[in-house]
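Notes follow once the structure below has been shown.
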Amino acid sequence: MSEVTGLLLQFAAFRQETQKQIKDLKKEVQELRVIIAQNKEEPKKKIEIAGPKAAAKTTSDVKLEPITYGEALSMIGGTEALAKQAERSRALCDSVNNAKLQAELNHLFPHDTSKRTGFSTSLINQKYVPTLDDLYSKAEAVLGDFSKMLGDLADKSNNCRAVVGPLKSKVRARMKGAFKYRNPKNNTISWYRLTDLVRGTLEFTNVEDLYDGLNTLIQHFGDNVKELNDRYQDPLPGGYRDIQTVVAFEGHMCEIQLNTAQMMQAKATTGHRNYSVYRELKSAVKAGDISRVLNAFEFGREHLGGAVDEEGDHSGLKQLLRGDAGILIHTAAIEGYAEILHAFLIYGADPNMQDKNGDTALHLATFHGHEPCVWVLLHEEGHTDMDIQNNDGHTALVKGYLMLWQRPPEPAVRAVSTLAQVCGVERIKEAKTIADAAI
1 MSEVTGLLLQ FAAFRQETQK QIKDLKKEVQ ELRVIIAQNK EEPKKKIEIA GPKAAAKTTS
61 DVKLEPITYG EALSMIGGTE ALAKQAERSR ALCDSVNNAK LQAELNHLFP HDTSKRTGFS
121 TSLINQKYVP TLDDLYSKAE AVLGDFSKML GDLADKSNNC RAVVGPLKSK VRARMKGAFK
181 YRNPKNNTIS WYRLTDLVRG TLEFTNVEDL YDGLNTLIQH FGDNVKELND RYQDPLPGGY
241 RDIQTVVAFE GHMCEIQLNT AQMMQAKATT GHRNYSVYRE LKSAVKAGDI SRVLNAFEFG
301 REHLGGAVDE EGDHSGLKQL LRGDAGILIH TAAIEGYAEI LHAFLIYGAD PNMQDKNGDT
361 ALHLATFHGH EPCVWVLLHE EGHTDMDIQN NDGHTALVKG YLMLWQRPPE PAVRAVSTLA
421 QVCGVERIKE AKTIADAAI
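What follows is the structure, given as structure tokens:
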């Protein structure tokens with residue numbers, strides 16, 4: 001068999017498998033639509049199991065008022081309350097996570113592995129299963145006992161209730177598997193890496209009881225606690241916090257989150273929408289998908305709240321774009337996504353936001369030779385500050401001159417030329433002097 005014939009056969013097999021997966025996904029979407037239509041009048045509720053020591057009122061007893069993650073944090077004592085638990089958190093995490101092993105693994109792998117999609121050195125796989133249906137069969141078998149077990153843990157804790165959700169939908173499981181766990185060499189998906197089909201939450205009313213509950217969980221499961229991430233001490237972008245664990249229960253990996261009622265209230269009302277918009281924007285910018293970016297902006301305008309400010313921007317979305325999500329303009333500048341960069345600026349992002357190296361989007365667009373992005377930034381009617389210096393004391397023009405010494409292709413030269421012409425003679429002379437000294 002010739003090499004060409006072999007490649008054609010591989011392509012045919014790849015195409016057939018891809019078409020099958022698309023067909024399966026369409027079927028799942030149709031099933032989900034039917035379920036949603038059936039449940040419109042009587043939505044499926046999570047099972048809430050309040051222990052005898054639970055607080056008199058839970059978040060399900062009253063109508064929830066919209067609060068932000070920052071407000072939720074203040075209600076439980078702020079960072080001061082968390083600081084009192086920091087040492088205890090480290091001790092509990094160390095009792096679960098093998099710090100020495102993780103340190104060796106971090107030295108073993110390339111430095112960029114932590115940034116790769118779905119990469120983890122933690123061994124928290126399910127037992128091997130060839131298909132997603134096989135994984136769901138096991139999940140369905142343990143869900144009832146898992147619910148009872150979580151209720152028992154709530155009974156042993158103060159001011160706690162257990163909330164067990166339904167199994168993760170197959171549509172979302174397929175999407176997560178395809179995005180995070182696909183093997184590009186043979187187009188297969190490692191379904192055994194999905195550990196959140198069975199999941200539940202232990203909800204507390206204060207920080208001290210939260211960490212008491214974590215200690216109770218660790219004592220209960222012992223070596224069967226396979227992963228522990230304290231995101232109260234190290235929150236997600238947008239300010240969301242929880243304690244996330246993965247436990248082995250009856251031979252199946254399950255996810256248990258520990259949280260406070262206040263943080264759950266923020267998640268259920270306004271706070272989690274910020275993170276949802278941020279997460280979608282991050283994924284869309286990485287993919288270079290302007291349609292998804294614009295859809296996320298419009299969702300943010302409608303759902304993130306806040307009145308229109310004096311500049312005509314929706315304040316909730318603008319606050320997000322000038323906070324955690326603002327750094328995404330740097331990704332667009334590095335990748336050369338001029339249209340996405342332009343959209344971020346139109347919707348209220350700050351073109352002068354600096355990354356950890358002090359670089360602005362203009363620094364990065366110039367250095368990476370993306371002339372359209374440079375022009376987008378310079379065209380913003382004076383909003384982009386050309387004189388901002390990074391941590392090395394270099395303006396964007398200086399950084400561009402330094403890049404020219406690497407013999408760049410023509411588009412990169414045009415990027416620096418565009419910036420130089422707008423900067424003018426005096427800035428050009430100054431930048432050239434600094435660049436020559438640096439070289």
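full-length UniProt numbering puts the first residue of the sequence shown at 1, with every later residue one more than the last.
The C-beta atom is built at its ideal place from N, Cα and C for all residues, glycine as well.
Ranked by how close their Cα comes to the Cα of Gln219, the residues Leu281, Cys93, Met264, Ala338 have Cys93 in first place. Spanning the alpha carbons of Glu255 and Ala72 requires a straight line of approximately 23 Å. Judged by pairs of C-beta atoms under 8 Å, the region 195 to 205 touches the region 131 to 142, as three or more such pairs exist.
Excluding sequence positions up to five before and after Gly358, its CB lies within less than 6 Å of the CB of Asn390, Asn391, all in the same chain and listed in chain order. By the neighbour-count criterion, in which 16 or more other beta carbons inside 10 Å mark a residue as buried, Ser157 falls on the buried side. The region 324 to 332 makes contact with the region 282 to 294; the number of CB pairs closer than 8 Å reaches 3 or more. In this structure, Val246 sits away from Trp191, with a CB-CB distance that is not shorter than 7 Å. Rounded to whole angstroms, the gap between the alpha carbons of Leu397 and Lys432 is 9 Å. Cβ-Cβ distances below 7 Å link Gly213 to Ser157, Cys160, Leu202, Phe204, Leu258 in the same chain, with the five nearest sequence neighbours on each side left out; the list follows chain order. Each residue's CA atom was taken as its position, placing His370 and Leu317 some 27 Å apart. For Cys160, the beta-bridge partners assigned by DSSP are Phe204. The Cβ atoms of Pro351 and His379 do not sit closer than 7 Å to each other. Residue burial annotation: Met253 is buried, with at least 16 other C-beta atoms found within 10 angstroms of its C-beta. When secondary structure is reduced to three states using DSSP, Asn229 falls in the strand class. Around the C-beta of Gln421, fewer than 16 other C-beta atoms lie within 10 Å, and the residue is accordingly described as exposed.
Using a Cβ distance threshold of 7 Å, Ile388 and Leu364 do not count as a contacting pair. Relative to Met353, the option among Ala268, Leu377, Asp289 whose CA is nearest is Leu377. Linking Asn206 to Ile76 through their CA atoms gives a straight-line distance of about 6 Å.
Excluding five sequence positions before and after Glu339, the CB atoms of its chain that fall closer than 6 Å to its own CB belong to Ile290, given in chain order.
Check the Cα spacing between Asp242 and each of Met264, Ala154, Thr68: the tightest is with Met264.
Setting aside the 5 residues that flank it on each side, Leu419 is surrounded in the same chain by Leu362, Thr366, Val374, Leu378, Met386, Ala396, Leu397, Gly400, each with a C-beta closer than 8 Å to its C-beta; the list follows chain order. The Cβ-Cβ distance between Tyr211 and Gln85 falls below 7 Å. DSSP places Gln244 in the strand class (E or B) of the three-state scheme. Ranked by Cα distance from Tyr232, the options Glu430, Gly251, Ala81 are led by Ala81. In summary, Met175 is exposed, with fewer than 16 beta-carbon neighbours lying within 10 Å of its beta-carbon over all protein chains present.
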